[in-house]
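Numbering (this note's numbering), first residue to last: 1173 to 1377.
The block underneath contains the structure these notes are about, expressed in structure tokens.
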Ligand SMILES: [Zn+2]
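Next comes the structure, spelled out in structure tokens:
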């Protein structure tokens, strides 16, 4: 891990001797790349929704550094024609899961990441207030990788252990569910049944 980070955040996997000292706001499996595109949640609010997104930069291309650059306000608008109109956006997600399964975390879970935009879920607006945003590297036109489902399932189970309200019946949604007509991600290839199988343990790892 290249980033320097506070010792209290350098947690091992669960079960490590210092597990009790580890903040539950950073997933130990994720590489930390703190973003300034975050702020406090409304007082007393704990997350009760996970929003699944998909992103690829440039659109349809995988493996570059550009998603992390976008989420840390360091994307070069001249790097690709499609970047000019997004480079100035101030956006982030809590976690990005790349095609190879590598997880990057940009915002601690107790803070608000700027991923949902104008949104509404079951009568509540401003979903950033009460949600955790997870981006899968992907697009509307291709399946996600098997490894991404494995890692996503592991992350959601870890989150549910720490934020019990994330186990609720309506605690999982796609960006397209909370911003219908405006957003299409994670798209038609996202396999909700396969995710469910990973969450209930019926999928083979
Ligand atoms: Zn999205």
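Heads up, the beta-carbon is just placed ideally off N, CA and C, and yes, glycines get one too.
Which of helix, strand or coil DSSP assigns to residue i
i, result
"residue 1239", "helix"
"residue 1400", "Examination of residue 1400 is not possible in this model, given that the chain is present from 1173 through 1377 alone."
"residue 1325", "helix"
"residue 1277", "strand"
"residue 1376", "coil"
Any non-hydrogen atom of ligand 1 within 7 Å of residue i CB
i, result
"residue 1347", "yes"
"residue 1266", "no"
"residue 1357", "yes"
"residue 1342", "no"
"residue 1225", "yes"
Endpoints, beta strand (DSSP E) assigned at residue i
i, result
"residue 1221", "1221–1227"
"residue 1211", "1210–1212"
"residue 1344", "1344–1346"
"residue 1305", "1303–1309"
Expected contact under 8 Å - CB spacing of residue i and residue j to nearest Å
i, j, result
"residue 1305", "residue 1288", "7 Å"
"residue 1345", "residue 1267", "That pair is no contact at about 16 Å."
"residue 1337", "residue 1220", "4 Å"
"residue 1371", "residue 1334", "That belief does not hold up - the Cβ atoms of residue 1371 and residue 1334 are roughly 15 Å apart, past 8 Å."
"residue 1217", "residue 1316", "30 Å between Cβ atoms; not a contact."
Check whether residue i and residue j have beta carbons under 8 Å apart
i, j, result
"residue 1239", "residue 1309", "yes"
"residue 1255", "residue 1209", "no"
"residue 1227", "residue 1291", "no"
"residue 1357", "residue 1225", "yes"
"residue 1247", "residue 1265", "no"
"residue 1280", "residue 1198", "yes"
"residue 1297", "residue 1211", "no"
"residue 1205", "residue 1261", "no"
"residue 1278", "residue 1348", "no"
"residue 1313", "residue 1232", "yes"
Residue i Cβ short of 7 Å to ligand 3 heavy atom set
i, result
"residue 1272", "In terms of ligand content, the structure shown lacks ligand 3 and carries ligand 1 instead."
Unbroken alpha helix (DSSP H) run spanning residue i, endpoints
i, result
"residue 1269", "Here residue 1269 belongs to no alpha helix (DSSP H); instead the beta strand (DSSP E) covers 1267–1269."
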